[in-house]
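Student: Here it is, the structure in full.
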Amino acid sequence: MSSPAQQSKPSTFTREELERALSENSYGISSFDITSSSPLKATARVVLLEGEPILISLSSRGFQLHSPSEAPMDPDHDSETVFETIEQLLQTVSPQYESARRNTLLAKLQSLADPA
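Using this note's numbering, you'd call the opening residue of the sequence shown number 31 and step up by one each time.
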């Protein structure tokens, strides 16, 4: 059983989950910054490897892509396309993400194959 200190508070869950997902995929993005969060939705400004800034939000529906021109983003306005994973979203908008993901995977597999 987890201690209360190890569990996310409901008020910060979406923020922590979005931050974790983006951190785990840092090899495929230039940078990110959480711009807003509530118990139901968190939003981050993400700069793709191509240099293009986008807004990504996470809610109970999943990950959604928003245009930076929507700022300040209306938290009640959701785009129609919802992605189950951050990887699916990033693959859709960034060809360089897919290349970086493939290179990272190959490097990890190579390190496992090489005897130490």
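Positions of the beta carbon are idealized from the N, C-alpha and C atoms, including for glycine.
It should be emphasised that the depicted structure is a prediction, and the values quoted were computed from it without experimental measurement.
Since I believe Leu-95 is in contact with Leu-119 (beta carbons under 8 Å), could you give me their beta-carbon distance rounded to a whole number of angstroms?
Tutor: 6 Å between Cβ atoms; contact.
Student: Quick one: using the 10 Å Cβ neighbour count with 16 as the cut-off for buried, is Asn-185 buried or exposed?
Tutor: The structure shown does not extend to residue 185, since the chain is modelled only from 31 to 146, so the question has no answer here.
Student: Quick one: Cα of Leu-79 to Cα of Ser-124, how far?
Tutor: About 7 Å.
Student: Specify the secondary structure class of Pro-69 as computed by DSSP and reduced to three states.
Tutor: It is coil, neither helix nor strand.
Student: Just how far apart, CA to CA, sit Tyr-127 and Thr-115?
Tutor: Cα to Cα, Tyr-127 sits roughly 14 Å from Thr-115.
Student: For the beta strand (DSSP E) containing Pro-83, list its first residue and its last residue.
Tutor: Run containing Pro-83: 83-89, per the beta strand (DSSP E) assignment.
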